[in-house]
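Presented below is the structure to which this report refers.
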Amino acid sequence: MDLRSNLVYIIRLLQTSVKGKFLNLALKSNEMEKVDLILKEYKNACHDSLIPILQEIQEAEGFLSETAIVEVGNHLHLPTSKIYGVATFYNQFRFQPKGKYNIQVCRGTACHVLGSSTVLNELEKYLKIKAGQTSRDNLFSIEVVACIGACGLAPVIAINGEFHAKVTVDSLKEIVESYRNREELS
Amino acid sequence: MKLNIKINTKPVQAEKGEMILDVLERNGIKIPTLCYMKDKFPAGACRMCLVEHVNSGRLITSCSYPVEDGMELLSHSPRVINARKTIVELLLSNHPDDCLYCVRNKNCELQNLSDELDVRHRRITGVKNNHSIDYSGQSIVCDPDKCILCGRCVRVCEETIGVSAIDFILRGSKTIVAPAFNKGLNTSSCVNCGQCLMVCPTGAIAEKSHLSIVIEALQNPELTVVAQYAPAITVSIAEEFGLEPEKDMNGILNAALRKVGFNRVFDTSFTADLTIMEEATELIERITKNSDPIPMFTSCCPAWVKYVEEFWPEMLSNVSTCKSPQQMMGSIIKHYYSKIENIKPEKIFSVSLMPCTAKKFEAQREEMTQEGISDVDAVLTTRELGKLIRLYGIDFKNLEPEDTDSPLGTRSSAGKIFGATGGVMEAALRTAYSMITGNELEKLEFEEVRGLSGVKHSKIKIDSLELGVAVVNGLGNAASLLKEISEGRKDIHFVEVMSCPGGCIAGGGQHIGADKNSIYARIKALYEIDKNEALRVSHKNPQILELYQKFLGKPNGHLSHKLLHTCYKKRIVLL
């Protein structure tokens with residue numbers, strides 16, 4: 001790398017980190033209000049309310065942020081390591097906000113038989129994220145679901161509720177690109 | 187009520203409520219275990235301790251199954267052995283094959299089990315784990331690939347230490363043990379006590395090794411390499427060489443360290459005496475002048491100090507401002523000894539040999555560096571010390587004892603008993619009594635503060651003052667006492683806290699695999715040294731008096747404050 005590209009790289013890094021900070025701050029205040037409201041509902045709650053609380057936060061926020069988990073820990077007198085352990089045990093919790101387009105990959109029996117694991121692997125490779133994560137441009141996120149009740153269309157994926165039937169490795173890329181194009185047009 | 191059961195067709199009597207495992211052990215039958223921890227509620231997770239229940243024809247976990255009348259058990263039937271072997275084979279299926287390079291080679295429970303059960307080839311091939319190693323902590327390195335998920339570290343961190351820095355995250359084959367949000371140990375609430383690695387059956391948790399930098403320094407002719415060893419080291423290093431723990435090895439250790447190439451060898455017990463002079467003075471000042479809040483907490487244990495910084499920051503002013511003996515020795519070596527020997531402080535490489543992993547963290551704290559000169563440059567645990575001695579081909583068993591170097595070598599036995607829980611308290615009381623009354627105690631032993639119970643309370647009458655003291659060992663026992671104190675309990679003046687159960691002699695840097703008996707033996711050895719010693723109080727140590735006379739002035743004086751005291755501040759981590 002020559003000096004100039006180094007410089008450009010550093011400037012870009014600075015820009016993204018500054019932007020990230022502002023986003024984070026804005027997110028924090030707004031989000032904490034919601035979390036506080038939920039925790040108020042559970043004033044005298046003990047440890048067995050942990051999962052309902054996490055579910056409500058996820059409902060309100062779309063995901064469980066670090067600050068929210070720390071807040072819950074303070075409220076219930078539980079170490080964050082324990083809460084994170086419980087939350088990661090269940091598939092229902094996610095730790096990043098969903099992307100603009102949330103891709104649900106069905107891993108039910110019929111889809112599995114017709115190759116949904118390849119679909120998931122290809123999708124993860126193509127978007128360079130794992131299931132449960134969100135792409136860096138916040139456009140796409142992948143979610144694994146057990147069965148979305150469309151076994152006749154297997155293997156099936158659903159993007160923001162729109163179903164895509166009999167997905168193959170090639171069609172998968174086309175589908176993803178069509179959403180990206182849609183974004184660019186708008 | 188006695189129950190009659192049959193073990194391997196032989197009739198045996200058992201008590202009601204006993205677990206099968208305990209009965210088997212009492213009858214001389216060894217059952218392999220992995221997740222089992224003595225004195226803790228059984229988990230029954232690893233299934234290694236399976237035995238055959240003849241009455242029902244099932245395999246049951248002996249650690250968590252209570253005996254029943256008329257029970258017939260087979261502890262080593264072909265079916266049992268086959269089941270155990272399969273469990274080990276499954277554990278090995280995704281385990282890295284790097285035993286030769288592993289820090290726990292030759293002292294690994296998984297390795298031993300696979301040997302005992304005669305596993306000779308890989309029958310089950312699984313996908314190898316591929317996690318990154320967590321090097322972020324200053325004391326402890328985690329390699330999740332080697333983890334077999336027995337959960338002993340998680341339980342020790344939660345139940346014994348009361349910190350819960352780590353837990354299982356994710357599920358199924360993806361499960362790993364890690365701090366919250368799978369972040370590094372450095373941002374977690376981990377206090378670096380190392381009790382997790384003491385219970386780890388494999389090399390998944392290990393200390394951050396300082397061996398290579400020490401060896402590099404030893405080979406550098408420009409450096410004067412100075413060693414100090416903790417009181418607990420001399421009664422436990424023998425175990426690293428397969429000897430009994432009862433003996434005090436300080437003379438032999440001195441000889442071994444000189445043979446390795448250390449230029450000077452000092453005993454940290456000397457600065458333990460110094461700590462007592464400073465701490466006792468501070469305690470008396472707090473009580474008589476109300477300078478700082480009471481009770482005063484000891485600050486010798488770096489894990490405890492970090493615990494207060496994280497969990498009880500409002501109580502930091504109760505923690506003694508004294509540095510720990512390790513740091514005091516480091517500071518005295520760099521700022522006093524360097525002067526009398528005419529060596530530049532930056533040309534001294536100060537190594538401390540400690541039974542502790544948290545000391546590695548403490549040595550690199552920014553409070554422990556003055557004008558760019560760190561008090562201690564490297565910290566080796568007892569295990570690393572054993573490795574170093576073996577590496578240099580020193581026959582530990584055939585050495586002539588030698589003396590420590592002067593003038594930082596003479597110690598009283600009060601400094602020596604620092605290694606056991608209650609030791610700091612006992613040593614401080616001996617000196618505080620003399621400082622307040624001007625007389626010596628008739629009986630120097632304080633039996634109430636000795637022993638392994640979690641929290642020990644005692645009242646000591648010194649003139650008109652009735653001093654309330656408490657001794658905590660096992661950090662998990664501290665929380666309830668701290669809560670009482672923060673809620674206004676007033677009858678305690680001085681509290682000693684050691685994070686590891688038993689004190690430093692059972693620290694996270696000690697020999698792995700020692701049982702309770704060797705812990706008792708180490709404690710006994712320390713008190714034996716104390717019993718047979720002529721110099722039993724810190725304030726009569728001639729070299730301590732000389733140090734004050736020639737250099738420091740008086741305890742808690744100006745220079746003491748600069749070199750031997752520090753202050754701690756709130757630490758924000760993921761709790």
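In order, the protein sequence lines correspond to chains A and B.
Going by this note's numbering, the first sequence opens with residue 1, and the numbers climb by one from there.
Going by this note's numbering, the second sequence opens with residue 187, and the numbers climb by one from there.
Virtual Cβ for every residue (Gly too), placed ideally from N, Cα, C.
- In this structure, the CA atom of GLY516 (chain B) is about 25 Å from the CA atom of VAL327 (chain B).
- Interface residue (Cβ-Cβ distance to chain A less than 8 Å): PRO365 (chain B) is classified as such.
- Assignment of ILE159 (chain A) by DSSP, reduced to helix, strand and coil, places it in the strand class.
- Residue contact with chain A for SER350 (chain B): present (Cβ-Cβ distance below 8 Å to some residue of chain A).
- When rounded, the separation of the alpha-carbon atoms in ILE709 (chain B) and ALA664 (chain B) is 21 Å.
- In its chain, beyond the 5 residues on either side, GLY689, ILE691, ILE709, LEU712 have a beta carbon closer than 6 Å to the beta carbon of ALA606 (chain B).
- Legend: CB atoms of the region 56 to 76 of chain A lying less than 9 Å from CB atoms of chain B belong to residues GLU66, ILE69, VAL70, GLY73, ASN74.
- Per DSSP, the continuous beta strand (DSSP E) segment holding GLU393 (chain B) begins and ends at 391 to 393.
- With contact defined as three or more Cβ pairs closer than 8 Å, the region 327 to 336 of chain B and the region 276 to 290 of chain B are in contact.
- If you ignore the 5 residues before and after LEU443 (chain B), its C-beta comes within less than 6 Å of the C-beta of ALA413, VAL451, all in its own chain and listed in chain order.
- Pairing GLY370 (chain B) with LEU404 (chain B), the inter-Cα distance amounts to about 32 Å.
- For ASN742 (chain B), same chain residues with a beta-carbon under 7 Å away, outside a window of 5 residues either side, are GLU464, THR467, GLU468, GLU471 in chain order.
- For the region 79 to 100 of chain A, the set of positions with a beta-carbon nearer than 7 Å to some beta-carbon of chain B reads PRO79, THR80, SER81, LYS82, TYR84, GLY85, THR88, PHE89 in chain order.
- Under a 10 Å Cβ-count criterion, ILE83 (chain A) is classified as buried, with 16 or more other Cβ atoms of the shown protein chains found around its own Cβ.
- Pairing ASP255 (chain B) with VAL240 (chain B), the inter-Cα distance amounts to about 13 Å.
- The straight-line gap separating the alpha-carbon atoms of GLY595 (chain B) and TYR321 (chain B) is approximately 35 Å.
- Per DSSP, TYR415 (chain B) is one residue of the beta strand (DSSP E) stretching across 410 to 415.
- A contact is defined here as three or more CB-CB pairs under 8 Å, and the region 713 to 727 of chain B fails this definition with respect to the region 698 to 705 of chain B.
- Take the alpha-carbon of GLY380 (chain B) and the one of VAL565 (chain B): they are about 14 Å apart.
- If you draw a straight line from the Cα of ARG341 (chain B) to the Cα of LYS629 (chain B), it is about 41 Å long.
- Within the region 409 to 473 of chain B, the complete alpha helix (DSSP H) segments of 4 residues or longer fall at 417 to 420, 423 to 426, 436 to 446, listed in chain order.
- Around the beta carbon of TYR415 (chain B), 16 or more other beta carbons lie within 10 angstroms, which makes this residue buried.
- When the Cα atoms are used, GLY161 (chain A) and GLN104 (chain A) turn out to be separated by approximately 9 Å.
- Taking the CA atoms as reference points, SER560 (chain B) sits about 15 Å from LEU409 (chain B).
- For PHE354 (chain B), the closest Cβ of chain A is nearer than 8 Å.
- DSSP, read as helix, strand or coil, puts ASP353 (chain B) in strand.
- Counting C-beta pairs with one atom in each stretch, the region 68 to 79 of chain A and the region 43 to 58 of chain A have three or more that are closer than 8 Å, which means they touch.
- Residue pairing for PHE680 (chain B): DSSP places it in a beta bridge opposite B:MET482, B:VAL655.
- A contact between stretches requires three or more CB pairs, one per stretch, nearer than 8 Å, and the region 747 to 756 of chain B fails this requirement with the region 648 to 656 of chain B.
- Nearest to PHE93 (chain A) by C-alpha distance, out of B:MET684, B:HIS725, B:LEU356, B:GLY674, is B:LEU356.
- Look at ARG244 (chain B) here: in three-state DSSP terms it is strand.
- Residue environment for HIS47 (chain A): exposed (fewer than 16 other C-beta atoms within 10 angstroms of its C-beta).
- By the Cβ-count criterion, GLU184 (chain A) is exposed, with fewer than 16 other Cβ atoms from all chains shown falling within 10 Å of its own Cβ.
- Ranking B:MET684, B:ALA364, B:LEU189 by CA distance to the CA of PRO488 (chain B) puts B:MET684 first.
- Taking C-beta separations shorter than 7 Å and ignoring five residues to either side along the sequence, the partners of SER350 (chain B) in its chain run CYS343, GLU344, following chain order.
- Look at LEU539 (chain B): its C-beta is not under 8 Å from any C-beta on chain A.
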